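This note's numbering applies: residue 11 is where the sequence shown begins, and numbers increase by one.
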Amino acid sequence: MRDAPQAHIGRPMRRREDPRLLRGEGRFVDDIQLSDALHLTFLRSPLPRGRIVECDVRDAAELPGIAAIFRAADLGETRALSVNPVLPLQIEPPYPLLADARVEAVGQPVAAVLAETAEQAQDAVEAMWLDIEEDGVALDQAAAGQSWTSGDTEAAFEQAAHVVSAELRHPRLAPSPLEPRAIAVAPEGNALTVWLSTQTPHRARSELARILRVPPERLRVIAPDVGGAFGMKASLYPEEVVAVWAAQRLRRPVCWTATRNEDFLSATHGRGLRMRGDLAVNGAGRFLGLRTEAEAPLGHWLPNSALIPAWNAARILPGGYRVDAVDISTRARMANTAPVGIYRGAGRPEACTLMERLVDKAARATGLDPAEIRRRNLLPPETLPCGTPTGYRLDSGRYTEALDRLLASADYASLLAERKKRRAEGKLFGLGLAFYVEPSGTGWESARVTLTESGAVVATGGSTQGHGRETALAQVTADTLSLNPEQVTVRHGDTESCPTGIGALASRSTPIGASAVQTACAEILSRRAKGEALPLTAELRYDAPHEAWGYGCHLAAMHIDRETGVPTIHHLSCMDDAGRLINPMMVEGQIRGGFAQGFGEAMMEALHYEDGQLLTGSLMDYALPRAADLPPLEIHKMETPTDANALGAKGVGEAGTIGAPAALLNAAIDALSPLGVTDLQMPLTSLSLWQAIRAAETER
Ligand code: SMO
Numbered sequence: 011m012r013d014a015p016q017a018h019i020g021r022p023m024r025r026r027e028d029p030r031l032l033r034g035e036g037r038f039v040d041d042i043q044l045s046d047a048l049h050l051t052f053l054r055s056p057l058p059r060g061r062i063v064e065c066d067v068r069d070a071a072e073l074p075g076i077a078a079i080f081r082a083a084d085l086g087e088t089r090a091l092s093v094n095p096v097l098p099l100q101i102e103p104p105y106p107l108l109a110d111a112r113v114e115a116v117g118q119p120v121a122a123v124l125a126e127t128a129e130q131a132q133d134a135v136e137a138m139w140l141d142i143e144e145d146g147v148a149l150d151q152a153a154a155g156q157s158w159t160s161g162d163t164e165a166a167f168e169q170a171a172h173v174v175s176a177e178l179r180h181p182r183l184a185p186s187p188l189e190p191r192a193i194a195v196a197p198e199g200n201a202l203t204v205w206l207s208t209q210t211p212h213r214a215r216s217e218l219a220r221i222l223r224v225p226p227e228r229l230r231v232i233a234p235d236v237g238g239a240f241g242m243k244a245s246l247y248p249e250e251v252v253a254v255w256a257a258q259r260l261r262r263p264v265c266w267t268a269t270r271n272e273d274f275l276s277a278t279h280g281r282g283l284r285m286r287g288d289l290a291v292n293g294a295g296r297f298l299g300l301r302t303e304a305e306a307p308l309g310h311w312l313p314n315s316a317l318i319p320a321w322n323a324a325r326i327l328p329g330g331y332r333v334d335a336v337d338i339s340t341r342a343r344m345a346n347t348a349p350v351g352i353y354r355g356a357g358r359p360e361a362c363t364l365m366e367r368l369v370d371k372a373a374r375a376t377g378l379d380p381a382e383i384r385r386r387n388l389l390p391p392e393t394l395p396c397g398t399p400t401g402y403r404l405d406s407g408r409y410t411e412a413l414d415r416l417l418a419s420a421d422y423a424s425l426l427a428e429r430k431k432r433r434a435e436g437k438l439f440g441l442g443l444a445f446y447v448e449p450s451g452t453g454w455e456s457a458r459v460t461l462t463e464s465g466a467v468v469a470t471g472g473s474t475q476g477h478g479r480e481t482a483l484a485q486v487t488a489d490t491l492s493l494n495p496e497q498v499t500v501r502h503g504d505t506e507s508c509p510t511g512i513g514a515l516a517s518r519s520t521p522i523g524a525s526a527v528q529t530a531c532a533e534i535l536s537r538r539a540k541g542e543a544l545p546l547t548a549e550l551r552y553d554a555p556h557e558a559w560g561y562g563c564h565l566a567a568m569h570i571d572r573e574t575g576v577p578t579i580h581h582l583s584c585m586d587d588a589g590r591l592i593n594p595m596m597v598e599g600q601i602r603g604g605f606a607q608g609f610g611e612a613m614m615e616a617l618h619y620e621d622g623q624l625l626t627g628s629l630m631d632y633a634l635p636r637a638a639d640l641p642p643l644e645i646h647k648m649e650t651p652t653d654a655n656a657l658g659a660k661g662v663g664e665a666g667t668i669g670a671p672a673a674l675l676n677a678a679i680d681a682l683s684p685l686g687v688t689d690l691q692m693p694l695t696s697l698s699l700w701q702a703i704r705a706a707e708t709e710r
């Protein structure tokens with residue numbers, strides 16, 4: 011049936027989305043022009059906690075163009091957003107749409123203004139009088155936690171020749187997609203069409219229906235072009251629910267686009283975890299036991315994915331290494347801050363950085379080279395698939411081979427020689443290795459494929475935020491149905507024209523989403539072989555039998571100026587194995603983009619609160635890497651197929667964010683190790699490195 015099997019899968023095909031996006035022809039939520047639309051703006055709390063004494067909106071209501079001003083009491087009874095219970099919840103998560111009697115964070119919406127223009131709405135906000143009595147009643151509540159134990163950890167630590175410890179305080183980060191949050195709502199009869207910048211249109215629809223108590227069939231959610239998301243658009247925000255509620259109440263279209271400042275203040279933050287661990291090692295450098303604790307921050311309400319970072323930061327330990335005895339725990343606490351949720355990597359970088367710091371410390375304690383100690387402890391391919399000590403399943407991989415191939419292509423021996431030479435000259439120069447795993451999501455995704463005489467139309471339950479789904483799914487469909495990719499139309503992100511799905515999260519779009527498309531195509535093929543006439547449609551829900559675990563490693567070489575603390579990257583390369591690759595060019599794009607965000611975490615980015623006030627509320631204060639800040643990254647790839655899904659593919663969306671921070675941190679600590687430095691915290695700014703150098707030199 012096919013003359014050239016797999017002519018398109020595995021080809022570095024250019025993204026069909028790009029001409030449109032690069033020419034400014036994309037259609038984002040803010041481009042949706044609804045006639046007669048009201049502009050929504052929020053009065054937000056300037057204080058982190060306290061009782062609302064007065065919120066006087068009378069003057070504001072008299073201003074020109076004001077259609078309505080709403081407070082919490084106007085909204086009536088609403089339900090809370092559901093939280094993905096990956097960890098057992100100890101609380102009933104709050105989900106305030108507007109602050110009622112109390113405010114719990116700076117930036118929390120207190121009143122909603124709807125006006126004919128955005129400027130009029132803003133003028134009204136400025137005419138309001140909000141009196142909050144700060145009462146010091148801080149939110150500091152345990153929300154969830156879990157522990158995993160396996161083997162005899164006590165015995166492992168008793169037998170150990172060395173015990174090494176590490177503590178990491180991950181900077182809190184702002185995901186910062188180019189396109190901020192945005193929503194446009196058009197009522198028609200008793201139905202509502204909602205354009206939403208989201209990763210999860212179907213979930214947004216069912217959650218909106220549940221929260222606002224409206225039948226889901228009255229809601230259509232469309233995710234048009236989405237300008238990046240990185241986990242920040244995985245959940246439904248109170249502002250978005252208020253927009254839908256107001257459109258329904260006022261029977262007028264409503265639109266809201268967050269400013270950058272509003273995203274800093276009230277969109278989800280990522281990371282901020284505190285990780286602690288001890289590793290027991292025998293004289294030969296074998297890992298005997300691991301004890302770890304993760305403490306994850308939560309904000310004043312919980313987005314759907316709130317518990318994912320705390321869960322991932324623990325459950326994926328000890329990564330690709332064999333450690334038989336573990337005692338792993340995690341917990342998450344609420345505080346008077348913006349909500350915290352998933353951000354590209356979502357707990358994976360935290361688990362990786364802790365493990366890789368412990369491994370480097372074990373190398374130092376045993377006198378082994380960091381590459382050699384990793385070789386001795388990574389799981390060999392013949393042991394896979396295998397269960398992990400936390401009850402998950404590593405599917406496949408050639409871990410040591412990936413490490414050795416990376417070292418060979420980077421000429422590790424010459425980097426070691428370079429380090430020796432530079433150190434002899436009194437320079438601070440270090441190497442950092444990191445091995446990572448990337449679990450890429452469980453569960454299901456859906457697809458509907460129609461084959462006609464002229465081609466195929468694919469509708470996926472997944473969605474896209476600029477990461478090339480249309481191209482990848484066209485490649486998979488073309489191969490399976492022996493078509494040209496040009497004959498394949500791909501639809502996504504519309505709850506009306508696409509089957510119900512989960513969305514673009516957790517590196518799952520290709521492993522699970524494209525497996526759903528391939529399985530639907532295969533069903534069409536078999537019906538066509540049986541002689542059924544065109545057009546033929548297959549619609550199905552595909553359940554992935556297992557979770558696919560991508561993996562890889564990063565190698566960094568860093569020079570740090572002794573006088574100024576300025577770090578310079580001398581070498582950076584990575585090896586990634588994402589199983590079967592659909593489009594190697596897009597895989598590289600994912601690795602490079604993920605790396606940019608991993609580099610940001612390691613070297614530059616950090617949100618700071620002081621007594622509940624966000625000090626880094628703009629891109630003038632929060633250092634997002636720009637193109638010129640990024641060092642070149644050499645990308646190498648391997649392909650070990652997985653049995654975890656029909657396609658044999660693993661995720662790669664988060665790879666760069668997982669491995670890069672650990673490798674960069676290890677390189678920086680190695681660079682300063684001749685001064686006696688054993689620990690550093692990210693971000694590795696020139697200031698923090700200079701301080702570490704000065705402190706070490708003073709001590710000496
Ligand atoms: S942090 Mo991703 O959108 O699961």
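Even for Gly, the Cβ is constructed at its ideal location relative to N, Cα and C.
Remember, it's a predicted structure, so these values are computed and weren't measured experimentally.
- If one requires a minimum length of 3 residues, the beta strand (DSSP E) runs lying completely within the region 67-149 are 76-80, 119-125, 139-143, in chain order.
- For R179, the beta-bridge partners assigned by DSSP are R284.
- Following the DSSP letters along the chain, one finds F52 inside the beta strand (DSSP E) bounded by residues 48-54.
- It is roughly 21 Å from the alpha-carbon of S683 to the alpha-carbon of M614.
- Classified as buried, V527 has 16 or more neighbouring CB atoms from the shown chains inside 10 Å of its CB.
- One thing to note: T547 has its Cβ within 8 Å of the Cβ of R458.
- Its Cα nearest to that of R501, the residue G523 stands out among R301, G523, L493.
- The DSSP assignment places complete alpha helix (DSSP H) segments of no fewer than 4 residues inside the region 417-448 at 422-434, in order along the chain.
- P248: member of the alpha helix (DSSP H) spanning 248-260, first to last residue.
- By the Cβ criterion, the region 484-500 is in contact with the region 458-468, since at least three pairs of Cβ atoms, one from each stretch, lie closer than 8 Å.
- It is roughly 31 Å from the alpha-carbon of V576 to the alpha-carbon of A412.
- C-alpha of A239 to C-alpha of A219: approximately 23 Å in a straight line.
- Of the residues assessed, C396 falls on the exposed side of the cut-off, its CB having fewer than 16 other CB atoms within 10 angstroms.
- C-alpha of A373 to C-alpha of M648: approximately 26 Å in a straight line.
- Secondary structure at L368: helix, using DSSP grouped into helix, strand and coil.
- In the same chain as G237, and ignoring 5 residues on each side of it, the C-beta atoms closer than 8 Å to its own belong to G36, F38, P187, L188, E189, S207, Q475, G476, in chain order.
- A straight line joining the alpha-carbon of L617 with that of L629 spans about 11 Å.
- Leaving aside the five residues that flank D69 on each side, the residues in its chain whose CB is nearer than 6 Å to its CB run, in chain order, A137.
- Remark: three or more beta-carbon pairs, one from each stretch, lie closer than 8 Å, so the region 659-679 and the region 432-452 are flagged as touching.
- Of the candidates I76, P119, Q43, F80, the residue whose Cα lies closest to the Cα of R54 is P119.
- Cβ-Cβ distances below 8 Å link Q151 to I101, R343, M344 in the same chain, with the five nearest sequence neighbours on each side left out; the list follows chain order.
- The region 290-325 contains, as complete alpha helix (DSSP H) runs of 4+ residues, the segments 318-325 (chain order).
- Under the three-state reduction of DSSP, C531 is assigned to helix.
- In this chain, the beta strand (DSSP E) harbouring A345 covers 335-345.
- Counting only runs that start and end inside the region 456-492, the beta strand (DSSP E) elements of at least 3 residues fall at 466-470.
- S315 places its beta carbon 8 Å or farther from that of G117.
- Membership of E496 in any beta strand (DSSP E) is not indicated, and neither H nor E is assigned to it by DSSP.
- At the C-beta level, H310 and A115 come within 8 Å of one another.
- Pairing H212 with T510 gives a Cβ-Cβ distance under 8 Å.
- Burial is judged here by how many other beta carbons sit within 10 angstroms of a residue's own beta carbon; A423 has fewer than 16 and is exposed.
- In this structure, D489 is the residue among R429, D489, G161 with its C-alpha nearest to the C-alpha of L657.
- In this structure, R602 has its CB at a distance of at least 7 Å from all heavy atoms of the ligand SMO.
- 8 Å or more divides the Cβ of V254 from the Cβ of V336.
- DSSP, reduced to helix, strand and coil, places G669 within a helical segment of the structure shown.
- Pairing V291 with T376 gives a Cβ-Cβ distance under 8 Å.
- In this structure, the CA atom of R259 is about 11 Å from the CA atom of N200.
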